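Each number in this note's numbering corresponds to the 1-based position in the sequence shown with 214 added.
From the three backbone atoms N, C-alpha and C, an ideal C-beta is built for every residue, glycine too.
If you're wondering where the values come from, they're calculated on a predicted model, not measured in any experiment.
Please read the structure below before turning to the comments.
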Amino acid sequence: MTLTAPRTERRPSEDTVADAPARRSWRHRISRFDQNASPYFYISPFFLLFGLVGLFPLLYTVWVAVHEWDLLKGQGEFLGAGNFVEILGDSMFWNSILNTLSIFLLSAIPQLAVALVIAYLLDRGLRAPTFWRMSVLIPFVVTPVAVAIIFSSAFNEADGLVNNLLNLIGIADQEWKHNTFLSHIAIAVMVNFRWTGYNALILLAAMQAVPRDLYESAALDGAGSARRFFSITIPTIRPTLIFVVITATIGGLQIFAEPRLFDVSTAGGIGGSDRQFQTTVLFLWELAFFRRDLGEASAVAILLFLLIVGIGVINFLISRKIATGEGPKPSRVARRARKNQEVAR
């Protein structure tokens, strides 16, 4: 029989016991720091890039707007609000605002209406849906300069395609580039050609998120296609529709390439011989590079920026009301369809 010495448990030294919580606490701090701070590091490249190419030019534009600033000579004396007073008193500025709003109304309303119809048709389950979706997006891929050159030739007053087609039905040649209203229509056609398909795809994505059970329940109640569209589809996609309206408005306020190239050969690209289709951005471009007055051009840019911000605030308020349920109530057809859906479940 052999005797073995009793085992004695090794107890960690006091230094080891003291270091363990310290190590755990250090790792815990690192883990919490990584959890809390890493999202900010991930999104920081965007804000750094925005500060470099967006915020700094914006602040520098404000600095230029309060000075007399020649394109070639550079900074002059401090004027304060002098450039803004000069611009607000310039009839050409208000003419450009009216032209911009007119072109926007002539383009946005038909554009959104046609985009809704195209999105509805694409949502009905056409054959080869990918082909049709790609087809409506092709005009958006074409560069604005190419679209402007093509349509400028089509609306040529002497031998353009549009006037030739009008002559076939007995309508005399129209002055598309000299008449104010007709020139706005021609430019609006360019805008609609390029942006209708893009907006249709956005609306289509919203329509495809509408539950199909609502349509089936409404159809069982005897609602036709038009009634289902106006009572179920439109109220359901209303937030997306508002987004499309606001983005179309912002794009309309910044329109430049189409009026710039529409009559560049005869009017020099300043918006017509009498500035009958000169937009605000085109007026800004004329101030900066024709008159060489960067101070007034910067003032126009800031006024346009404030207008866009105002529209953005309106968009935010409307979107928040819809998100919190303060918007218009669903239609009777939609409520009945939802009730039927709940009963079926």
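Three-way DSSP call (helix, strand, coil) for residue i in this model
i: Q289; result: strand
i: S305; result: helix
i: F407; result: helix
i: F470; result: coil
i: V356; result: coil
i: T450; result: helix
i: F261; result: helix
i: I594; result: Within the shown structure, residues of the chain are numbered from 215 to 559, placing residue 594 beyond reach of any answer.
i: G485; result: coil
i: S526; result: Correcting the residue identity first, residue 526 is Gly in this sequence and not Ser. The answer is helix: DSSP assigns G526 an H, G or I state.
i: D387; result: coil
i: F491; result: coil
i: Q422; result: coil
i: G268; result: helix
Rounded distance between the beta-carbons of residue j and residue i, thought under 8 Å
i: R347; j: L415; result: 6 Å
i: H392; j: L320; result: Going by Cβ atoms, the distance from H392 to L320 rounds to 17 Å, so no, they are not a contact pair.
i: I469; j: I522; result: Contact doesn't hold; Cβ gap of about 13 Å is too wide.
i: G294; j: V280; result: 6 Å
i: W390; j: F369; result: 4 Å
i: Q325; j: W409; result: 6 Å
i: T564; j: A400; result: Residue 564 falls outside the range modelled here, since the chain spans only 215 to 559, and no answer is possible.
i: E472; j: I484; result: Not quite, the Cβ-Cβ distance comes to about 14 Å (not below 8 Å), so this is no contact.
Residue i versus the options, residue with shortest Cα-Cα distance
i: D507; options: P253, Q289, G265; result: Q289
i: V412; options: V328, F260, E282; result: The displayed chain sequence assigns Tyr, not Val, to residue 412. Per the Cα distances, V328.
i: V478; options: F247, L272, F365; result: F365
i: I323; options: V459, G485, F261; result: V459
Chain B contact for residue i (CB, 8 Å cutoff)
i: G436; result: Looking at the structure shown, chain B is missing, and only one protein chain is on hand.
Beta bridge counterpart(s) of residue i as assigned by DSSP
i: D284; result: G288, D507
Legend entry - the region 352-362 touching the region 485-493, judged by at least three CB pairs closer than 8 Å: Verdict: no, contact absent.
Inset, instruction - Kindly confirm or deny that the region 420-429 and the region 499-517 touch, where touching means at least three C-beta pairs closer than 8 Å. - result: Result no; under three Cβ-Cβ pairs closer than 8 Å.
Inset, instruction - Mind the definition here: the region 325-345 touches the region 443-462 only if three or more C-beta pairs lie below 8 Å; say whether that holds. - result: Contact annotation: the region 325-345 touches the region 443-462, with at least three C-beta pairs closer than 8 Å.
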